[in-house]
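Per the working numbering, the sequence shown starts with residue 40, numbered consecutively. Backbone N, C-alpha and C define an ideal beta-carbon position, used for all residues, glycine too. These figures come from a predicted structure and were not determined experimentally.
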Amino acid sequence: MAIQKVGVVGFGAMGSGIAQACAQAGFDVTVRDVDQAALDRGFGVVDGSLARLVKAGRATEADAKAARGRIRGTTALGDLKDSDLVIEAALEIIETKREIFAELDRICPPATILASNTSSLPIVEMAAATKRPDRVAGLHFFNPVAVMQLVEIVRALTTSEETVAALREFAERLGKRGIVCKDTPGFVVNRLLVPYLLGAIRALEEGVAAPDEIDDAVKLGLRHPMGPFELLDYTGLDINLHVANVFYDEFKDPSMAAPPLLRRMVAAGHLGRKSGRGFYEYDEKGQRKR
Ligand SMILES: NC(=O)c1ccc[n+]([C@@H]2O[C@H](COP(=O)([O-])OP(=O)(O)OC[C@H]3O[C@@H](n4cnc5c(N)ncnc54)[C@H](O)[C@@H]3O)[C@@H](O)[C@H]2O)c1
């Protein structure tokens with residue numbers, strides 16, 4: 040089944056990026072959020088992102104306008120009933136996601152594929168809330184969606200080969216690389232990233248080197264665009280602590296356990312860029328002071 044119409048649930052940071060990427064690839068998109076204010080915010084993010092692409096010469100004015108015209112906002116989940124694929128990007132709360140999947144299952148025709156953009160929750164728990172577990176999968180995009188080329192296609196225990204094949208083709212049509220992986224915590228990218236980031240904090244605890252020395256070592260020695268402490272501050276220490284806790288609960292692997300320093304920095308409110316202080320300090324504009 041060729042996907043033509045895409046539904047998106049949640050018009051926040053990720054939903055807006057996903058809706059925009061789909062519209063730029065020529066799909067008709069209907070986005071649902073809880074109220075008009077949330078829809079207005081989502082459209083504001085899309086407009087800003089399209090304007091930046093035009094300014095950078097990565098899209099023409101006409102293409103950006105056409106893409107914008109393909110996105111329709113709604114507060115009624117029922118308006119997603121004609122979708123061939125629905126991508127859920129609402130809150131990272133399993134009860135919320137299960138309710139959304141159960142409702143989508145009632146609304147959408149049996150052939151519609153239902154996907155979640157969750158970063159940490161088991162896809163199979165959402166599949167089990169529907170009567171079509173074979174047509175439920177993970178579709179994990181990266182932030183910012185307009186820039187990041189990867190999509191993780193997550194195959195739950197119940198996901199059919201046809202669903203995986205349709206999502207592979209969909210990722211290709213978005214101009215992204217879709218990699219297929221199992222429904223395990225962190226999928227591929229976070230499974231590798233989290234122990235690495237926690238290892239950097241442990242190295243700091245042990246006095247191996249200062250944060251900027253470790254960051255420079257990784258940037259210059261491994262050609263990473265950011266060092267681990269820059270990345271931790273950028274994504275938020277609280278988010279990283281939460282993810283480490285989820286991983287440790289599941290795997291009981293010491294490399295996934297939150298180091299004491301991380302726990303204490305979060306308790307102190309040193310959350311990174313968003314709180315003005317993490318491993319580095321930031322001014323009101325989020326620029327690094329030192
Ligand atoms: N932010 C990231 O870097 C990132 C990356 C990959 C995956 N994710 C995942 O994507 C999902 C969304 O994250 P986000 O950062 O965009 O969050 P966000 O808070 O920016 O956006 C969530 C949006 O969902 C809306 N919402 C809440 N309940 C809803 C419902 N029942 N129906 C429709 N809309 C509803 C909210 O009003 C909000 O606009 C989460 O599952 C998150 O784990 C986030």
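Do residue i and ligand 1 come close, with the Cβ less than 7 angstroms from some heavy atom?
i    : result
I133 : no
V48  : yes
G54  : yes
V73  : yes
S158 : yes
L232 : no
Using DSSP with H/G/I as helix, E/B as strand and the rest coil, what is residue i?
i    : result
G54  : helix
A176 : strand
R194 : strand
D292 : coil
L206 : helix
A166 : helix
S155 : strand
I132 : coil
E142 : helix
I126 : strand
Please report the Cβ distance between residue i and residue j, rounded to the nearest whole angstrom; I am assuming they are in contact, meaning their Cβ atoms lie under 8 angstroms.
i    : j    : result
I152 : I192 : No, I152 and I192 are not in contact; Cβ-Cβ is about 11 angstroms, not under 8 angstroms.
A129 : V48  : 5 angstroms
T99  : D72  : Going by Cβ atoms, the distance from T99 to D72 rounds to 28 angstroms, so no, they are not a contact pair.
H309 : L276 : 7 angstroms
In chain order, what residues of the same chain have a beta carbon less than 6 angstroms from the beta carbon of residue i, not counting five sequence neighbours either side?
i    : result
R327 : Y319 and Y321
F268 : P250, D254 and F318
A62  : V68, A106, R109 and I110
Taking 8 angstroms as the limit between beta carbons, can you name the residues of its chain near residue i, skipping five residues before and five after?
i    : result
T274 : G311
Please report the residue range of the alpha helix (DSSP H) in which residue i lies.
i    : result
K104 : E100 to G108
E252 : P250 to L261
Just curious, the beta strand (DSSP E) that residue i is in, first and last residue?
i    : result
D216 : One detail in the question is off: residue 216 reads as Arg in this sequence, not Asp. Its beta strand (DSSP E) spans residues R216 to K221.
T69  : D67 to R71
Return the chain-ordered list of same chain residues with a C-beta closer than 7 angstroms to the C-beta of residue i, the five sequence neighbours on each side being excluded.
i    : result
S271 : Looking at the sequence itself, residue 271 is Leu, so the reference to Ser does not match. The residues are L236, N279, G311, G317 and F318.
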